[in-house]
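Down below is the structure, laid out as structure tokens.
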DNA sequence: ACCGTTTTTTAGGCAAGCCTAAAAAACAAA
DNA sequence: TTTGTTTTTTAGGCTTGCCTAAAAAACGGT
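Protein chains in written order, with our numbering: chain B, 342 to 563; chain C, 342 to 563.
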């Protein structure tokens, strides 16, 4: 139906418009897609012609309802494949992105749904990102950055905001994975670093401000 | 490394050169790829430049060792994905080809090997076609067409030579799948149709010459 | 060996998706 | 509001992979 390149642009536009509302700029898209501004302008024309987005010169781009539908389906496929790769094939969570990036473009009406069923209808991917359902609805979860969490309140790690292999491997080495229970013991005013207790390992450690800004948590429930 | 289009040509050349030896002609390739002769000539030049094939004008094309390696790896990926789709996702054997056609182009050094392990190292795909191993070795099996089988000798169905949905669905309706035990009761001289006994269902049926030419069997063992 | 037919290649063109360099518009700031 | 800077678009060009029409080579039969 649509080319891989078109699909990638749609996904990027969805991502950027979820970050902040209003139209997405050519420059932001070029950065996100690792390409040049003229290439973006080219593609925006095409997407506009195909009614996937509304594009106004010197203003920016927004997805149409159909554009949102296609982009959401892509995110769904991407994240389901990531679950498959980690849970069924045993890949590490820092290794699955590139494969999922290719697998998400495989076109077939039934494939996603069967895969979803095979995986047990997961609602979040290996990085804690929400997986939209077949109707395009996103699961909601009250999550916040660890950096915005109060000292003393116990939380569970439910996601990462930085998907880089470097950060994920740092977490692996440190023993912090999804589901880890943390409590902030102290916030250092000087550099905003945190002393936290990691319940699973019954030990304390220091997390930099940067790390605290890359971890999503939600209140721990008994 | 290589484009999907290049890979598809390599696979087609491998397929045609396995059917009969000597070089593959432009016309045969055009028919196999459902494209035109000039497009084939174009691509053969490119493959030749990349050392994947040796191409001589007005003579034909042959794969180099590297071309064989790439094409074999593709067949491996294609057939492993077909096993995945039928065994894990429950797709019918007449539905998996198009999906596997896309999945086979997903590039990743470890993916195939992990998939192979996950599937339990299958040696044949859902249609009974051999799956080359990681080193490019093909499993051997002494198989023959049902049409070439003697009256009276019990055989097992181990493959199909016609992969069309129409034929596969005919087999489903008739109750003949891989592993079915057949014995030819009588060969009708007039039209070469066969009266056979289907052991699983304990019933007799008539198979046309065309069907008998599309079924691979091997001698049944106790 | 010649001639008509078939096959293959050449020539030229098109769309997608990218690029660089240059022009134009928008923005910001004095 | 005018000017300098940043952002975006336009212009033109490239490769890949496809196409049709025309030319050239190979084939087959007498």
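Glycine included, each C-beta is placed from N, C-alpha and C at the ideal position. Keep in mind that this is a model prediction, so the values were computed, not measured.
In chain order, 430 make up the part of chain B whose C-beta sits under 7 Å from the C-beta of residue 456 of chain C. Contact between the stretch 428-436 of chain C and the stretch 365-376 of chain C is not established, with fewer than three Cβ pairs separated by less than 8 Å. For the set B/347, B/542 and B/488, the Cα lying nearest the Cα of residue 535 of chain B is the one of B/488. Residue 545 of chain B is bridged by DSSP to B/538. Residues of chain B whose Cβ lies closer than 8 Å to the Cβ of residue 439 of chain C are, in chain order, 449. Only residues of its own chain outside the window of five on either side were considered, and among them 384, 387, 388, 391 and 393 have a CB closer than 8 Å to the CB of residue 347 of chain B, listed in chain order. Contact between residue 446 of chain C and residue 555 of chain C is ruled out by a C-beta separation of about 28 Å, above the 8 Å threshold.
With the criterion set as a beta carbon lying under 8 Å from some beta carbon of chain C, the stretch 492-517 of chain B has no members that meet it. Secondary structure at residue 528 of chain C: strand, using DSSP grouped into helix, strand and coil. Neighbours of residue 452 of chain B in chain C, taken as residues whose beta carbon is under 7 Å from its own, are 440 in chain order. Using beta-carbon distances, residue 443 of chain C counts as an interface residue toward chain B, with a partner under 9 Å.
Relative to the Cα of residue 472 of chain B, the nearest Cα in the group B/460, B/525, B/351 and B/421 belongs to B/421. The Cβ-Cβ distance between residue 499 of chain B and residue 520 of chain B falls below 9 Å. A Cβ-Cβ contact shorter than 9 Å links residue 538 of chain B with residue 526 of chain B. About 4 Å separates the beta carbon of residue 557 of chain C from that of residue 484 of chain C, a gap short enough to meet the 8 Å contact definition.
Straight through space, the alpha carbons of residue 475 of chain C and residue 491 of chain C are spaced by roughly 36 Å. Classified as buried, residue 469 of chain C has 16 or more neighbouring CB atoms from the shown chains inside 10 Å of its CB. Excluding five sequence positions before and after residue 454 of chain C, the CB atoms of its chain that fall closer than 8 Å to its own CB belong to 475, given in chain order. Between the alpha carbons of residue 477 of chain C and residue 529 of chain B lies a distance of about 58 Å. Taking a C-beta distance under 9 Å as the contact criterion, residue 355 of chain B and residue 401 of chain B do not qualify as a contact pair. Its Cα nearest to that of residue 559 of chain B, the residue B/496 stands out among B/524, B/496 and B/542. With respect to residue 480 of chain B, residue 464 of chain B sits close: the two C-beta atoms are nearer than 9 Å. In the three-state scheme derived from DSSP, where H, G and I count as helix and E and B as strand, residue 385 of chain C is classed as helix. Exclusion of the five residues before and after residue 353 of chain B leaves 370, 373 and 374 as the residues of its chain whose Cβ lies within less than 7 Å of its Cβ.
Taking CB atoms only, residue 475 of chain B has no neighbour in chain C less than 9 Å away. The beta carbons of residue 545 of chain B and residue 532 of chain B sit about 17 Å from each other, so the pair does not count as a contact at 8 Å. At a beta-carbon threshold of 7 Å, the residues of chain B lying near residue 459 of chain C are 429 and 430, ordered along the chain. Non-local C-beta neighbours of residue 380 of chain C in its own chain, meaning closer than 6 Å and more than five positions away in sequence, are absent. Nearest to residue 378 of chain B by C-alpha distance, out of B/363, B/395 and B/399, is B/399.
Per the C-alpha coordinates, the member of B/448, B/436 and B/542 positioned closest to residue 508 of chain B is B/436.
Note that the C-beta distance between residue 553 of chain B and residue 486 of chain B is below 9 Å. The three-state secondary structure of residue 511 of chain C, taken from DSSP, is helix. Closer than 9 Å to the CB of residue 426 of chain B there is at least one CB belonging to chain C. Listed as beta-bridge partners of residue 473 of chain C by DSSP are no residues whatsoever. Within the same chain, 364 and 395 come within 6 Å of residue 403 of chain B by CB-CB distance, once the 5 residues on both sides are set aside. Ranked by how close their Cα comes to the Cα of residue 419 of chain B, the residues B/524, B/522 and B/439 have B/439 in first place.
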